[in-house]
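Student:
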Amino acid sequence: MEPDIVGAAGAVCERCGKAAALCLCDAIVPIDNRIQVLILQHPQEQDRALGTARLTVRHFRNAVLKVGLSWPSLIKILGRPADPQRWAILYLGSAKASALAPDREVVMLNRKGEPERQQDALLADIEGVVLLDGNWSQAKALWWRNAWMLKCRRVILGPPRPSRYGELRREPRRDGLSTIEAAAMLVSRLENRPEIETALTASFEKLLARYRAVAGDRAAGAKNRRFATGSDR
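Written out as structure tokens, the structure is:
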């Protein structure tokens, strides 16, 4: 459905990659974030009307989006020195925060999939986060193709509600989130700044509302054309 919606929504914005009817760029005020955001996007996830990677990066002054399948190291991606132990990657394993630490929304895991001790101290030391953008299989492909990710800290989220995508894009797990929702939750908790999540969530909800409006207009137009040609008789 998404390619048809893109075609119906007008020219594409060079900044966010969204069609004009879905573009939110003029309303975005970039946030000065301390925790750097690095989004690695699978090539097949590009140009999605409902994708949120570029929208997420637009919200942060300290953010990078890279499209590809593999990179030799975190340092090569950033173009500067970086300690992977001070970077957290949103982990794709089967562990659930609600089961391991019900009282926490962000949980750091060790390589055995168990919660690390001294959670607060370890999370306070994080200087950047890595998010993998794509569907479940695409994100797993990025994980397996980049061995340097094993050096990063692993975090999982325990969101209080399911993704706002709802029926528009089904998540494989109840705790699965869009990239913008995950970034909003993770960075806001690490920096203890709830306004970050508020701003990104508001943009995501606007995107979904505009998408539904464009989809509804297109469906109504198609129905009117069928009646005009008598195709429903």
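Okay, so the sequence shown: first residue is 12 according to our numbering, each after it adds one. Think of the CB as a built atom: it goes at the ideal place given N, C-alpha and C, for glycine as much as any other residue.
Answer with buried or exposed for Leu-161, where buried requires no fewer than 16 other C-beta atoms within 10 angstroms of its C-beta.
Tutor: Stepping through the sequence shown from its first residue, residue 161 is reached at position 150. Classification for Leu-161: exposed.
Student: Whose C-beta lies closer than 8 angstroms to the C-beta of Glu-116 among residues of the same chain, with five residues either side of it excluded?
Tutor: Start at 1 with the first residue of the sequence shown, and residue 116 comes out as number 105. Excluding residues within five positions, the ones whose Cβ falls inside 8 angstroms are Ala-108, Leu-168, Gly-169, Pro-170, Pro-171, Met-196 and Arg-200.
Student: Does the segment 118-138 come close enough to the segment 32-41 that 3 or more CB-CB pairs lie under 8 angstroms?
Tutor: Touching, no.
Student: Quick one: Cα of Leu-219 to Cα of Leu-188, how far?
Tutor: The residue you call residue 219 lines up with position 208 of the sequence shown. The residue you call residue 188 lines up with position 177 of the sequence shown. Their backbone Cα atoms lie some 14 angstroms apart in a straight line.
Student: Where Arg-223 and Ala-30 are concerned, what is the direct C-alpha to C-alpha distance, given to the nearest angstrom?
Tutor: Stepping through the sequence shown from its first residue, residue 223 is reached at position 212. Stepping through the sequence shown from its first residue, residue 30 is reached at position 19. Taking the straight line from one Cα to the other gives about 14 angstroms.
Student: Considering Cα atoms alone, identify which of Leu-120, Arg-26, Ile-46 and Glu-25 is closest to Arg-204.
Tutor: Looking up residue 204 in the sequence shown gives position 193. In terms of CA proximity to Arg-204, Ile-46 leads the group Leu-120, Arg-26, Ile-46 and Glu-25.
Student: Which of the three DSSP states is assigned to Ala-224 in this structure?
Tutor: Position 213 of the sequence shown, counted from the start, is the residue given in the question as residue 224. Residue state, collapsed to three classes: helix.
Student: Using a Cβ-Cβ distance cut-off of 9 angstroms, determine whether Ser-84 contacts chain D.
Tutor: The question asks about chain D, but that chain is absent: this structure has only one protein chain.
Student: Would you call the segment 51-70 and the segment 149-158 touching, i.e. three or more CB-CB distances under 8 angstroms?
Tutor: In short, these stretches touch, since the Cβ pair count reaches three.
Student: In whole angstroms, what is the alpha-carbon distance linking His-70 and Glu-127?
Tutor: Against the sequence shown, residue 70 aligns to sequence position 59. Against the sequence shown, residue 127 aligns to sequence position 116. Rounded to whole angstroms, His-70 to Glu-127 spans 30 angstroms at the Cα level.
Student: Is Ala-193 buried or exposed, if buried means 16 or more other CB atoms sit within 10 Å of its CB?
Tutor: To locate residue 193, count along the sequence shown from 1; it is residue 182. Label assigned to Ala-193: buried.
Student: Hey, is the segment 139-146 in contact with the segment 91-108, meaning 3+ C-beta pairs nearer than 8 angstroms?
Tutor: yes
Student: If you compare alpha carbons, which of Ile-86, Gly-124 and Ala-112 is closest to Trp-157?
Tutor: Here residue 157 refers to the residue found at position 146 when the sequence shown is read from its first residue. The amino acid at residue 157 is misidentified as Trp; the sequence shows Asn. Nearest C-alpha to Asn-157: Ile-86.
Student: Going by Cα to Cα distance, which pick from Gly-104, Thr-212 and Leu-120 is closest to Trp-147?
Tutor: If you number the sequence shown from 1, residue 147 lands on position 136. Closest option to Trp-147, Cα to Cα, is Gly-104.
Student: Measure the Cβ-Cβ separation of Arg-65 and Asn-44 and say whether it is below 9 angstroms.
Tutor: In the sequence shown, residue 65 corresponds to position 54, counting from 1. In the sequence shown, residue 44 corresponds to position 33, counting from 1. Not a contact, by the Cβ cut-off of 9 angstroms.
Student: Looking only at C-alpha atoms, which of Leu-76, Ser-84 and Ala-106 sits nearest to Cys-163?
Tutor: The residue given as residue 163 occupies position 152 in the sequence shown. The shortest Cα separation from Cys-163 among Leu-76, Ser-84 and Ala-106 belongs to Ser-84.
Student: Under the three-state reduction of DSSP, which class applies to Leu-188: helix, strand or coil?
Tutor: Residue mapping note: residue 188 aligns to position 177 of the sequence shown, counting from 1. DSSP places Leu-188 in coil when its eight states are reduced to three.
Student: Roughly how many angstroms separate the alpha carbons of Thr-67 and Leu-76, rounded to a whole number?
Tutor: Translated into the one-based positions of the sequence shown, residue 67 becomes position 56. Translated into the one-based positions of the sequence shown, residue 76 becomes position 65. Each residue's Cα considered, the two are about 9 angstroms apart.
Student: Whose CA, out of Gly-90, Gly-124, Asp-114 and Met-119, lies closest to the CA of Ala-106?
Tutor: Here residue 106 refers to the residue found at position 95 when the sequence shown is read from its first residue. Of the listed residues, the one whose Cα sits closest to Ala-106 is Gly-124.
Student: How long is the line joining the alpha carbons of Asp-94 and Leu-211, rounded to whole angstroms?
Tutor: Numbered from 1 along the sequence shown, position 83 holds the residue referred to as residue 94. Numbered from 1 along the sequence shown, position 200 holds the residue referred to as residue 211. C-alpha separation (whole angstroms): 27 angstroms.
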